[in-house]
Amino acid sequence: NAGVMQNPRHLVRRRGQEARLRCSPMKGHSHVYWYRQLPEEGLKFMVYLQKENIIDESGMPKERFSAEFPKEGPSILRIQQVVRGDSAAYFCASSPNLDSTYEQYFGPGTRLTVT
Amino acid sequence: KQEVTQIPAALSVPEGENLVLNCSFTDSAIYNLQWFRQDPGKGLTSLLLIQSSQREQTSGRLNASLDKSSGRSTLYIAASQPGDSATYLCAVKGDYQLIWGAGTKLIIKP
Chain A
40 NAGVMQNPRH LVRRRGQEAR LRCSPMKGHS HVYWYRQLPE EGLKFMVYLQ
90 KENIIDESGM PKERFSAEFP KEGPSILRIQ QVVRGDSAAY FCASSPNLDS
140 TYEQYFGPGT RLTVT
Chain B
5 KQEVTQIPAA LSVPEGENLV LNCSFTDSAI YNLQWFRQDP GKGLTSLLLI
55 QSSQREQTSG RLNASLDKSS GRSTLYIAAS QPGDSATYLC AVKGDYQLIW
105 GAGTKLIIKP
């Protein structure tokens, strides 16, 4: 039973390019969460999605960032026109349902470097 | 607004010592609390999950306690080893999002 998968593991983009980060939740999980860890900082919640729905994007910057979780395929975190301040580790987690007692299972993360 | 604090920010101890890491949170309305380990440049390893109705959880040399009323959790590591060197993070769960402490960087000296 594969865990949460994220790809790519490392991504290098030049300023102004687009970054696409993918997250495949654990089998049977329909809830996905994205967190960001800036260098030397703690993790911060970005967005919570269910299949085809964004439930809470309160932690996501208003501009250049978007997220989706389509009916088929992985969840995508998209960053347009990247800047150096976007360099960070982006972690995805999944859970089977909305039961708040459930654990969130984390992927290995994508490390984005903007040059 | 929930805030999570971890003290100390860094800790260095000789191998073999028992040690305690602290985590405090401002809002006791949590569903659970989780301790993670993160090695430099690596991902997150879940160590222990304590539900709000529980007082403690144990796994091997690790023991985590939770006192919701006082807004505190501790992670106890027995007989520390150099391989325990890492950053330890605690996170509390509200309705669905995890709210994280900044971590304690632990160094175990051989």
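Chains as they are written, first to last, in the working numbering: chain A, 40 to 154; chain B, 5 to 114. Cβ atoms here follow ideal geometry from the backbone N, Cα and C, with glycine treated the same way. The structure displayed is predicted, hence computed values, not measured ones.
- The beta strand (DSSP E) runs lying completely inside the region 50–103 of chain A and spanning 3 residues or more are 58–63, 70–76, 82–89 and 92–95, given in chain order.
- A/G81 reaches chain B at W104, G105, A106 and G107, counting residues in chain order whose Cβ is nearer than 7 Å.
- Across the region 35–48 of chain B, CB contacts with chain A closer than 9 Å involve Y35, N36, Q38, F40, Q42, G45, K46, G47 and L48, in sequence order along the chain.
- Minimum Cα-Cα distance from B/I81 among the listed residues B/D71, B/D43, B/S73 and B/Y92 corresponds to B/Y92.
- For B/D88, the three-state secondary structure derived from DSSP is helix.
- Proximity to A/V122 across A/N136, A/L151 and A/S133 peaks at A/L151, based on C-alpha coordinates.
- Taking one beta carbon from each stretch, the region 87–102 of chain B and the region 39–50 of chain B have 3 or more pairs nearer than 8 Å; the two touch.
- Counting only the Cα atoms, A/L82 lies some 6 Å from A/Y74.
- In the DSSP annotation of this structure, B/S56 is not part of any beta strand (DSSP E), being labelled neither H nor E.
- With 16 or more neighbouring CB atoms inside 10 Å of its own CB, A/A106 falls in the buried class.
- DSSP lists no beta-bridge partner residue for B/D43.
- Contact between B/L66 and B/L79 holds: CB atoms are separated by about 7 Å, below the 8 Å threshold.
- Contact check between the region 111–120 of chain A and the region 138–147 of chain A: fewer than three CB pairs, one atom from each, fall below 8 Å, which does not count as touching.
- Interface flag for B/Y100 against chain A is set, since a Cβ pair is found closer than 8 Å.
- Beyond the five residues adjoining it in sequence on each side, A/S97 comes within less than 7 Å, by CB distance, of no other residue in the same chain.
- Not a single C-beta of chain A is nearer than 8 Å to the C-beta of B/L15.
- In the three-state reduction of the DSSP assignment, B/D71 falls in the strand class.
- Nearest to B/P12 by C-alpha distance, out of B/I112, B/T108, B/P114 and B/K113, is B/T108.
- For A/V86, the closest alpha carbon among the candidates A/F104, A/Y141 and A/V43 is that of A/F104.
- At least one C-beta of chain A is nearer than 8 Å to the C-beta of B/Q55.
- It is roughly 12 Å from the alpha-carbon of A/V153 to the alpha-carbon of A/L77.
- Within 9 Å of the CB of A/Q56, no CB atom of chain B is found; the nearest one sits about 23 Å away.
- Linking B/S63 to B/S84 through their CA atoms gives a straight-line distance of about 14 Å.
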